[in-house]
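The numbering of the sequence shown is our numbering, which starts it at 109 and goes up by one.
Report on the structure given below.
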Amino acid sequence: MIQNKTYIQNYCTIENNKIVLNGTSVFKIEPTDFADFAKQAYRNFEMQYPKFFKMDTLSKLAFLGSELLLSPITSTEHENNIALVLANKSSSLDTDVKYQESISDKENYFPSPAVFVYTLPNICLGEISIRHQLKSENSFFIFDTFNTEFMSNYSNILLNTNKADTVLCGWVEFFNDNYKAFLCTISTKENTEYKNETINTLYNK
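What follows is the structure in structure tokens.
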């Protein structure tokens with residue numbers, strides 16, 4: 109099989125109350141907790157998706173980044189063959205802890221189905237897929253650190269076997285209000301701006 113060369117098209121980083129798109133800061137506020145930051149970012153970019161406010165923190169983090177990268181390229185007029193390949197370290201532990209607290213006290217037992225829904229890390233993939241009407245490949249992996257080589261190779265396989273026209277690939281880590289998202293779109297379309305860039309170099313910028 110002939111291996112087509114793949115190229116990073118766009119990338120986004122979210123951490124420390126700041127969103128950077130293709131190397132340029134597009135949103136930044138004074139230090140605050142993630143809930144407030146996410147709400148302000150959502151309103152700043154005028155995202156029209158009320159379900160956002162019901163999501164858990166991991167899904168909000170992934171949603172914000174994916175929205176900036178996918179909205180310019182997705183269409184409601186035809187099926188978008190965009191694969192999702194994400195990873196993190198803590199899985200859905202941030203939400204798991206909240207859910208455990210809700211069932212631990214027998215005197216104050218209040219398990220919430222709305223919280224339980226988000227006790228799997230791949231639910232954020234579902235939220236992105238629903239938003240952008242994606243029915244293509246999606247996977248969520250757990251690593252101690254961002255395994256850029258694995259993620260890049262996996263994305264390249266999807267593109268070279270025609271399982272996807274574009275791959276949204278990246279790292280979305282959230283635990284105890286510490287967070288970092290790095291997302292990028294990859295395809296076989298040549299992009300001279302990032303022709304020699306790798307996921308690893310952009311992630312560590």
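All C-beta atoms in this analysis are idealised placements derived from N, C-alpha and C, irrespective of residue type, glycine included.
The criterion of a C-beta distance shorter than 7 Å is not satisfied by VAL280 and ALA143. In the displayed model, GLN156 falls within coil according to three-state DSSP, outside both helix and strand.
In the structure shown, the three-state DSSP call for ALA149 is helix. When DSSP states are grouped into helix, strand and coil, SER167 belongs to the helix group.
According to DSSP, THR293 shares a beta bridge with ASN118 and LEU276. ASN124 sits in coil when the DSSP states are folded into three classes, being neither helix nor strand. In the structure shown, LYS303 adopts coil according to DSSP, grouped into three states. Counting only the Cα atoms, PRO139 lies some 32 Å from THR182. Take SER260, set aside five residues on each side of it, and the residues of its chain with a beta-carbon closer than 6 Å to its own are ILE307, in chain order.
One Cα belongs to PHE153, the other to PHE258, and the distance between them is close to 32 Å.
Looking at the DSSP output, THR253 sits in no beta bridge, so it has no partner there. By the Cβ-count criterion, LYS168 is buried, with 16 or more other Cβ atoms from all chains shown falling within 10 Å of its own Cβ.
Annotation: LYS162 to LYS147 spans about 11 Å, alpha carbon to alpha carbon. Taking 8 Å as the upper bound for CB-CB distance, ALA272 and GLU305 are not in contact here, some 20 Å apart. LEU242 sits in a strand when the DSSP states are folded into three classes.
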